[in-house]
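Working notes, structure below.
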Amino acid sequence: MTEVNLDFSKLTIIIPTLNEEKSLGNLLSLIEKICQNCKVIVSDDGSKDKTKKITETFEGEIETLFLDRKDEE
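Read left to right, the sequence shown gives residues 20 to 92 (this note's numbering).
Here is the structure:
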């Protein structure tokens, strides 16, 4: 089998969220395994759960930016 090396350094993944604590950790773990050099933007729409905290646990592992949109209207 041929190994393929892809350059994800210019890839940015945008994840819209609202109370996604149950699924966000798994998604970010998968992104971390597949795409160590990509950027991840989590755009949150006012979650009341631990969505932001979960995003923060991946800081340093993958490049993340958390946008809190709860005050925008």
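Yeah, the Cβ is synthetic: ideal placement off N, Cα and C, and Gly gets one too.
With a cutoff of 8 Å on beta-carbon distance, G44 and I81 are scored as not near each other. In terms of Cβ geometry, R88 and D63 form a close pair [threshold 8 Å].
For V23, DSSP assigns no beta-bridge partner whatsoever.
Beta-bridge annotation (DSSP): D87 is paired with D63. For T70, DSSP assigns no beta-bridge partner whatsoever.
The Cβ-Cβ distance between F85 and N56 does not fall below 8 Å.
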